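Report on one structure; see the data block that follows.
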Ligand code: HEC
Ligand code: HEC
Ligand code: HEC
Ligand code: HEC
Ligand code: HEC
Ligand code: HEC
């Protein structure tokens, strides 16, 4: 009889172990879960990230759900930031926040390749983009430059659409071109009339040739 009880005890102990293992918080490395897209889309995120900056995106071209290729018509915030199921459930459970794709430069953001991949997944494909953004292999495809060096997406209007803001961005790195732009040394360019992007497609490997030559240079 005592053998039977021992067996019973062992079985009980084993199943208790199993239960414990199953209840281990998901942030221990042993339990690997693959994040998936949340079913609620942007609403899943806006509960916590509800500032003006987050809502501005709805009014931007990325928020136009009538275009089937926009994030709004797809996975919402997660189209860019990646599948957020674990981020959301842990944020609620207070168990730490596994990083989603975060953009920008410096420490605390995702690797540059991951950032580029996220944007180019749509913008380098004929099926999804109005204009193909080549970028890879262009003059600006450098370790220190990524899409966020020039673009902000959590805004209603992209700064690059505005001549003045565009100019201000370009001359952060090309200040000397304001005073002495090659080929226009004598008859300097009127930058109050012409945006830099009138002549330059900064995403393209053949940037100079194409647009500038179209202008009859
Ligand atoms: C088109 C891609 C894209 C979409 C869609 C998008 N984001 Fe972002 N998100 C970015 C980029 C790029 C940045 C870096 C800042 C910037 O460019 O404005 C960012 C920054 C952030 C940050 C960090 C904010 C900070 O101050 O650094 C959070 C949080 C965030 N996004 C949440 C969201 C939420 C919530 C949504 C949906 C409502 C969303 N994002 C939709 C690309 C996107
Ligand atoms: C329950 C609240 C909550 C929800 C829901 C939530 N987040 Fe977060 N999120 C946070 C907190 C807290 C942080 C950490 C903020 C910090 O460290 O400054 C964070 C950080 C982020 C960041 C910055 C990069 C990082 O991972 O640290 C991004 C981007 C982000 N969240 C996007 C999203 C997206 C997209 C969704 C929807 C799928 C979402 N969040 C849903 C609470 C939440
Ligand atoms: C799910 C697909 C998708 C993803 C991911 C995406 N975009 Fe877009 N984006 C679009 C679509 C669709 C438009 C509308 C115009 C078009 O077709 O090019 C657009 C428009 C834009 C515009 C033009 C904005 C304007 O004011 O006219 C910029 C700039 C842009 N995206 C940058 C980015 C950046 C930077 C990222 C990565 C952080 C990104 N996009 C990620 C689909 C996407
Ligand atoms: C050096 C600055 C710079 C960088 C880096 C940059 N862009 Fe741009 N982008 C611009 C400018 C300037 C325009 C405006 C072009 C115009 O108005 O003709 C633009 C326009 C766009 C547009 C709108 C195109 C259209 O006319 O429909 C998209 C989409 C875009 N960029 C995506 C990206 C993506 C994705 C990345 C990263 C892979 C990126 N850009 C990197 C400067 C930049
Ligand atoms: C973050 C810094 C940075 C910003 C912002 C920036 N550039 Fe550049 N750009 C560079 C670097 C670095 C190079 C490569 C070295 C060089 O030619 O000076 C470059 C190269 C170029 C070239 C030469 C292209 C070629 O094919 O040789 C042109 C044209 C150019 N940039 C235009 C622009 C315009 C227009 C803007 C604004 C929309 C801009 N850049 C914004 C850093 C920047
Ligand atoms: C009227 C058309 C036009 C405008 C506007 C224009 N560029 Fe250029 N840019 C050119 C041409 C043409 C060249 C080629 C010069 C050459 O190769 O001799 C060039 C060359 C360049 C180069 C690379 C050449 C070098 O070695 O310096 C950079 C960088 C550049 N431009 C930046 C800018 C910036 C920044 C702006 C806005 C402030 C701007 N450009 C506005 C036509 C233009």
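Numbering (my numbering), first residue to last: -9 to 207.
Even glycine gets a Cβ: it sits at the ideal position worked out from N, Cα and C.
Keep in mind it's a predicted model, so treat the numbers as computed, not measured.
Contact annotation: residue 137 and residue 156 have beta-carbon atoms that are not nearer than 8 Å. Checking the 7 Å criterion, the Cβ of residue 110 is within range of a heavy atom belonging to ligand 4. A straight-line Cα-Cα distance of about 14 Å links residue 121 and residue 52. With a threshold of 16 other beta carbon atoms within 10 Å, residue 68 meets it and is buried. Closest in C-alpha terms to residue 116, from the list 128, 59 and 146, comes 59. For residue 118, the shortest C-beta to heavy atom distance toward ligand 5 is 7 Å or greater. Secondary structure of residue 145 (DSSP, three-state): coil. In terms of Cβ geometry, residue 76 and residue 37 do not form a close pair [threshold 8 Å]. At a cut-off of 7 Å, the beta-carbon of residue 50 does not count as near ligand 2: no heavy atom of the ligand is closer than that. The count of Cβ pairs closer than 8 Å, one atom from the region 38 to 48 and one from the region 91 to 98, stays below three, leaving the stretches out of contact. Only buried fits residue 140, as 16 or more other CB atoms lie within 10 angstroms of its CB. Taking 7 Å as the cut-off, one finds at least one heavy atom of ligand 5 near enough to the beta carbon of residue 129. By a beta-carbon distance limit of 8 Å, residue 123 contacts residue 193. Their separation comes to about 5 Å. Comparing alpha-carbon positions, the option among 127, 161 and 34 lying closest to residue 80 turns out to be 34. Selection around ligand 2 by beta-carbon proximity, strictly under 6 Å to any non-hydrogen atom, yields 28, 34, 35, 37, 38, 39, 67, 68, 71, 74, 77, 78, 81, 82, 87, 89, 90 and 92 in chain order. DSSP places residue 96 in the coil class of the three-state scheme, outside both helix and strand.
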